[in-house]
Amino acid sequence: MVEPAIALFGGAYEKASHVLEELLRETGARYVLLLDRKGFVLAHKEALWAPRPPALDSLATLIAGNAAATQALAKMLGEPRFNELLHQGATYGLYAEEVGDLALLVIIFDNTAPVGRVKLFGKRAVQSLEVITKEALVEPGTLGIDREYHAGASALLDELFGS
């Protein structure tokens, strides 16, 4: 099973949520999301006035795939990487920027939010989120059942089945 590479719980989640709330306020965006590169939503916020958001899990998967494809394009063009993505339509825009090697910050905004403001405050938020996500890295195979829970469950099963 594919698991996230970053686990935001407790204090780390609260810190990331605070950064996202501040970013939402500063940019006038509709939605902000912190994703890992595998397409898992780690944290998100939406403006009070924003309509119901799209399906976040589908959106996150598509954005992560788009970011991966963009990195492949960068390599084909001789660039080590492209650090940001910007898509703009008639009404909505989407800005995504790398947060370290394992995460993406995504800002979804409408045509009332200036792109320059979105990028400026997005870059500032990335600096804070990079510190938070580095502290929340998960070693492969450690997310899920922890040792203490595993030991307790094993003891209970042994007791139940007389082993």
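Add 945 to a position in the sequence shown, counting from 1, and you land on the number used in the working numbering.
From the three backbone atoms N, C-alpha and C, an ideal C-beta is built for every residue, glycine too.
Just so you know, these numbers come straight off a predicted model, no measurement behind them.
- Per DSSP, the continuous alpha helix (DSSP H) segment holding A1013 begins and ends at 1001-1021.
- For K1064, there is no enclosing beta strand (DSSP E); the residue is found in the alpha helix (DSSP H) stretching over 1060-1080.
- Runs of the alpha helix (DSSP H) lying entirely within the region 954-1005, each at least 4 residues long, are 955-972 in chain order.
- Bounds of the beta strand (DSSP E) holding A1048 are 1048-1055.
- Under the three-state reduction of DSSP, A950 is assigned to coil, being neither helix nor strand.
- Under the three-pair Cβ rule at 8 Å, the region 948-966 does not count as touching the region 1015-1030.
- When the beta-carbon positions are compared, V1051 and T1078 stay at least 7 Å from each other.
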